[in-house]
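Novice: Protein chains in written order, with my numbering: chain V, 15 to 196; chain Y, 15 to 196. What follows is a single structure, and I will ask about it in a moment.
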C-alpha cells in the first residue's frame, strides 16, 4: 500500500503571507480525500522577560489591532521567518523590531502547530532574558502599543481570557511554569 | 476619520473547511492595506478528564495523522461548530463522536485565536469531567487512536514538545494549573 501523503496538489492562490493549495491526499488507511491546505513559511515568537532575576519580572506585551478579530489583542513579539533565517535569528530580529530590546541568546520553549487541520504553519516559541536597549526609538502609533506586565498578571490574563492569542498563551504559561519551584 | 475595518472584500475561494478573502482594510491610524484572510466558522475542543477526583487523573488524547504535519499529532477532541450549534454543544458532540464518552456539562477554560495574523478562527476550549460511557463502540483505525495519559505526563509532553498542537497545549496547561494547590 502506498504511504500516506500527497497524491496531487493544485495551487489555488499565492499570497504575500499565505498560499492556498487544494490537495488530493492518501491517508494511512489507504483512503483518499481532498484537503484545503494553507501553506505558511513558519514564524518565531518570543517572551521578553525584563530583569529575570526578580521573583515576578515584567513581561513585554504588544497590544495591537488585529483585523481578523476586529479588536486589539495582547501578543508577544512574533513574525515570519525571512528566507534562510533560523528561528532563533527571527525571534531576536522580531524582538528588536517590535520592542527596541536586544538580547544575546534566546532559549526555545517549544514549537507549535497553530491549527493543523488546515495549515502547516509552525511557530517556534522562545524566551528572551537579559534584555538590553529599550523602547526609546520606537514611534508610538495608534494600533501597536507596548505594555510591561508582571508575569503573575500576564498568567492571570491567560486564565481570564483577556489574553486570547494562542502562541502568547503558550509562551506565557511555559515561562511561568519554568520559574515555579518544583 | 473612518473607523478601522473592512473597506472592500474579494472572495478568492470558498471551501469546505475554510474560505479565503483578500480584503482592503483600514487600520486604526487611517492607513489602508490589503490582507489575506482565511475565514473559518469556529470550533470547540475539550480536555476529557477521567476520574477527576484522584490527584493525577488520566486525560484522553487522540493520536491522529495530520496531513499538514505529515505526522501523527496528539490532540484533544475537537471539531467545527455545526450551523446554529453552541460551543458547549459542539464540545460535547465532538467528545462523544471521537472518544465514545458522554458528559453532562462542560466548563469553559478559554477561547483562543489560533493565529490571528491570517485567520478569524476561534477555538472554544472546555474541560469535561464526570465522563460516562467509553470507547467500546469506536472502531479502531490506522490514523486515529485513543490514548489515556496521566495529567502529569500530558503536561510533561507539552513541555518537551511531544505535544505540539496549540489548542491541546493550552487546554492541558490550563487544566493542570486549575488543579494545582494555590
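Backbone N, C-alpha and C define an ideal beta-carbon position, used for all residues, glycine too.
Check the DSSP bridge columns for residue 133 of chain Y and list the partner residues they point to.
Specialist: In DSSP, residue 133 of chain Y forms a bridge with Y:52.
Novice: In the DSSP assignment, what residue or residues form a beta bridge with residue 59 of chain V?
Specialist: V:92 and V:139, per the DSSP bridge assignment.
Novice: Would you call the stretch 85-104 of chain Y and the stretch 133-146 of chain V in contact, with 3 or more CB pairs under 8 Å?
Specialist: Flag = no, the stretch 85-104 of chain Y and the stretch 133-146 of chain V do not touch.
Novice: Tell me the rounded alpha-carbon separation between residue 177 of chain V and residue 17 of chain Y.
Specialist: Approximately 23 Å between the Cα atoms of the pair.
Novice: Among V:106, V:30, V:70 and V:65, which residue has its Cα nearest to the Cα of residue 164 of chain V?
Specialist: Considering only alpha carbons, the answer is V:70.
Novice: With which residues is residue 159 of chain Y paired in a DSSP beta bridge?
Specialist: Paired residues: Y:77.
Novice: I need the straight-line Cα distance from residue 110 of chain V to residue 63 of chain V, nearest angstrom please.
Specialist: Roughly 13 Å between the two C-alpha positions.
Novice: Is it true that the CB of residue 95 of chain V sits closer than 7 Å to the CB of residue 55 of chain V?
Specialist: Yes. Within cutoff.
Novice: Looking at C-beta atoms only, is the number of pairs between the stretch 20-34 of chain V and the stretch 39-53 of chain Y that lie closer than 8 Å three or more?
Specialist: Result yes; three or more Cβ-Cβ pairs closer than 8 Å.
Novice: Listed from N- to C-terminal order along the chain, which residues in the stretch 55-79 of chain Y have their beta-carbon within a distance smaller than 9 Å of any beta-carbon of chain V?
Specialist: Taking 9 Å as the Cβ-Cβ cut-off against chain V, the residues of the stretch 55-79 of chain Y that qualify are 57 and 79.
Novice: Taking C-beta to C-beta, are residue 27 of chain Y and residue 39 of chain V nearer than 7 Å?
Specialist: For residue 27 of chain Y and residue 39 of chain V, no; Cβs fall outside 7 Å.
Novice: Roughly how far, in whole angstroms, is the beta-carbon of residue 79 of chain V from the beta-carbon of residue 41 of chain Y, given that I think they are within contact range, below 8 Å?
Specialist: At roughly 6 Å, the Cβ-Cβ gap stays under 8 Å, so residue 79 of chain V and residue 41 of chain Y are in contact.
Novice: Residues of chain Y with CB closer than 9 Å to the CB of residue 132 of chain V, please, in chain order.
Specialist: Residues of chain Y passing the Cβ test: 29, 31, 32, 52, 54, 82, 133 and 135.
Novice: Find the residues of chain V that neighbour residue 41 of chain Y, judging by a C-beta separation of less than 7 Å, and give them in chain order.
Specialist: Those are 79 and 157, listed as they occur along chain V.
Novice: Between V:136, V:108 and V:19, which lies nearest to residue 74 of chain V when the distance is taken from Cα to Cα?
Specialist: When each option's Cα is compared against that of residue 74 of chain V, the closest is V:108.
Novice: Under the three-state reduction of DSSP, which class applies to residue 186 of chain Y: helix, strand or coil?
Specialist: Three-state DSSP puts residue 186 of chain Y in a helix.
Novice: Report the residues of the stretch 94-116 of chain Y with a CB closer than 8 Å to any CB of chain V, ordered along the chain.
Specialist: Going along the stretch 94-116 of chain Y in chain order, one finds no residue with a Cβ nearer than 8 Å to chain V.
Novice: Of all the options Y:184, Y:114 and Y:157, which has the alpha carbon lying nearest to the alpha carbon of residue 170 of chain Y?
Specialist: Closest by alpha carbon: Y:184.
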